[in-house]
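Each residue of the sequence shown is one higher than the last, beginning at 480 in our numbering. Where a beta carbon is used, it is the ideal one built from N, C-alpha and C, also for glycine. Some notes on the structure that comes next.
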Amino acid sequence: MITLEHDQLTFRFPDVHADARCSIEFQRTLRIPDDDRTYYLPPGLGRFPLRHLDDFEDRLKREMVRRGGVVMPIHQAEALWISFDVGYDERFRHPYPVAVKIATGKICAISGQPWEEGLSQDPQNYVVLPEQPWLDGYCVEEGVIRQFVAMPLGDGYTAEEQLTGEAVHGGLQIAAYPMKRKVFDELLRRYEESLADEMRRSPPPDGFDMVCSPPAKEMGLAPGGRMRQEIYDDPHGLDVWDQEHGSRCFVTMANSAQWMAITGEHPPTVPPTARQYAKAGLPWFDYYDADHEAIAGAEELAGLKSVKAMGQKLGKSPLPENESSGVPVVVLKPKATTQASHAGKGEGPC
Numbered sequence: 480m481i482t483l484e485h486d487q488l489t490f491r492f493p494d495v496h497a498d499a500r501c502s503i504e505f506q507r508t509l510r511i512p513d514d515d516r517t518y519y520l521p522p523g524l525g526r527f528p529l530r531h532l533d534d535f536e537d538r539l540k541r542e543m544v545r546r547g548g549v550v551m552p553i554h555q556a557e558a559l560w561i562s563f564d565v566g567y568d569e570r571f572r573h574p575y576p577v578a579v580k581i582a583t584g585k586i587c588a589i590s591g592q593p594w595e596e597g598l599s600q601d602p603q604n605y606v607v608l609p610e611q612p613w614l615d616g617y618c619v620e621e622g623v624i625r626q627f628v629a630m631p632l633g634d635g636y637t638a639e640e641q642l643t644g645e646a647v648h649g650g651l652q653i654a655a656y657p658m659k660r661k662v663f664d665e666l667l668r669r670y671e672e673s674l675a676d677e678m679r680r681s682p683p684p685d686g687f688d689m690v691c692s693p694p695a696k697e698m699g700l701a702p703g704g705r706m707r708q709e710i711y712d713d714p715h716g717l718d719v720w721d722q723e724h725g726s727r728c729f730v731t732m733a734n735s736a737q738w739m740a741i742t743g744e745h746p747p748t749v750p751p752t753a754r755q756y757a758k759a760g761l762p763w764f765d766y767y768d769a770d771h772e773a774i775a776g777a778e779e780l781a782g783l784k785s786v787k788a789m790g791q792k793l794g795k796s797p798l799p800e801n802e803s804s805g806v807p808v809v810v811l812k813p814k815a816t817t818q819a820s821h822a823g824k825g826e827g828p829c
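Printed below as a string of structure tokens:
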């Protein structure tokens, strides 16, 4: 079951477990310079608005109606990142793990392989929540991604066109699979035992509360600038995921004119450039988690041309204000009981 509330997609799996769920949102952000330097994480500038396509059926192409899902406005050459969160066990605030697949134009952003049903571990074609708090782009090498940047379908920039030679799907494809209930129950049992052992070794002070709060053309995505970000290896193994109870959603990406034609609403304004952000003295971010191993990048994705490089090949300049930028960096670390976050979403250091 998938619901949309406050511009956030929530995947729920009540047939598996009451706490089996995950939330996904798309954050507006700075487009980092596409200059072959490797940058840190840019901030979140607020959620992209999302609307049910079914609400505008009479205004849509037949293909859009058939695939359903939601629609999101995005400007050409605008960047985004994807934020993840999960459900928590009520007693211990232990997160319920979920495996999530992300594809753009039906090309997996993790493995570079064409979209297929189900999960694969060789190569890994999904991220694991809550270990993976966000995803900013295509996994091109270990510890490095190329930022998601919106470009029109049909001009040759998108990952879909570069790898398939066709401009058919565009948008984003998402599938989520919860951990099997029996596996989670065992995980929770082991966590309760370790917590009890810790309590015996070091009793809490009087009044301690164990429960804490949880924290024109259709558009496709193309590889932009390089960014430091690790995509973490699955620490559980493929067999723990309940692939019989998965859910998936298609996210159509619309430019300003399309968004207004479909919804009658004005899209958000263009976000600031990296240069404007740096001029204001605001930081970028680095995320460090020493407890999890990063997977290697996908050869297929490593071979993609960035938007700038493809533009040069086509004799065009598709990225306005692509100047290099040096800014201060704030280090983020995973939290014990809640999801870490890019700054600008409430829990970050801004």
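Could you compute how far the alpha carbon of residue i sits from the alpha carbon of residue j?
i, j, result
"residue 500", "residue 665", "18 Å"
"residue 529", "residue 539", "16 Å"
"residue 484", "residue 794", "43 Å"
"residue 556", "residue 672", "50 Å"
"residue 812", "residue 536", "44 Å"
"residue 551", "residue 568", "31 Å"
"residue 638", "residue 544", "24 Å"
"residue 582", "residue 760", "34 Å"
"residue 724", "residue 792", "44 Å"
"residue 790", "residue 634", "10 Å"
"residue 429", "residue 613", "Since the first residue shown for the chain is 480 and the last is 829, residue 429 is missing from the structure and cannot be characterised."
Drop a sphere of 10 angstroms on the beta-carbon of residue i, count the other beta-carbons inside from all chains shown, and report buried for 16 or more, exposed for fewer.
i, result
"residue 755", "exposed"
"residue 749", "exposed"
"residue 482", "exposed"
"residue 674", "exposed"
"residue 650", "buried"
"residue 702", "buried"
"residue 758", "exposed"
"residue 644", "exposed"
"residue 506", "buried"
"residue 495", "buried"
"residue 558", "buried"
"residue 743", "exposed"
"residue 815", "Confidence in residue 815 is poor, its pLDDT being 44 and thus under 50, which makes the residue's placement too unreliable to answer from."
"residue 628", "buried"
Can you list, in chain order, the residues of its chain whose CB lies under 8 Å from that of residue i, leaving out five sequence neighbours each side?
i, result
"residue 480", "490, 491, 492, 493, 726"
"residue 621", "709, 773, 774, 775, 776"
"residue 608", "501, 563, 564, 565, 574, 576, 577, 578, 579"
"residue 670", "571, 573"
"residue 630", "555, 556, 636, 637, 698, 699, 700, 701, 786, 797"
"residue 740", "538"
Who are the near neighbours of residue i in its chain, counting only those whose CB is closer than 6 Å to its CB and skipping five residues on each side?
i, result
"residue 504", "487, 526, 562"
"residue 641", "783"
"residue 498", "566, 568, 575"
"residue 554", "749"
"residue 697", "632, 649"
"residue 509", "521, 753, 756"
"residue 746", "552, 735, 738"
"residue 768", "813"
"residue 586", "638, 639, 642"
Would residue i and residue j qualify as a contact pair, given that the criterion is a beta-carbon distance under 9 Å?
i, j, result
"residue 424", "residue 787", "Examination of residue 424 is not possible in this model, given that the chain is present from 480 through 829 alone."
"residue 584", "residue 700", "yes"
"residue 592", "residue 602", "yes"
"residue 652", "residue 594", "yes"
"residue 719", "residue 659", "yes"
Grab me the residues of residue i's own chain with a C-beta within less than 7 Å of its C-beta, minus the 5 sequence neighbours each way, in chain order.
i, result
"residue 605", "578, 579, 580, 589, 598"
"residue 722", "597, 598, 656"
"residue 533", "547"
"residue 600", "713, 717"
"residue 624", "615, 616, 617, 618, 706, 708"
"residue 531", "483, 549"
Inside the region 514 to 599 only - alpha helix (DSSP H) runs reaching at least 4 residues = Correct list: 541 to 546.
key: beta strand (DSSP E) runs wholly inside the region 683 to 766, at least 3 long, in chain order   = Assignment of beta strand (DSSP E) within the region 683 to 766, counting only whole runs of 3 or more residues, yields 698 to 707, 726 to 733, 763 to 766 in chain order.
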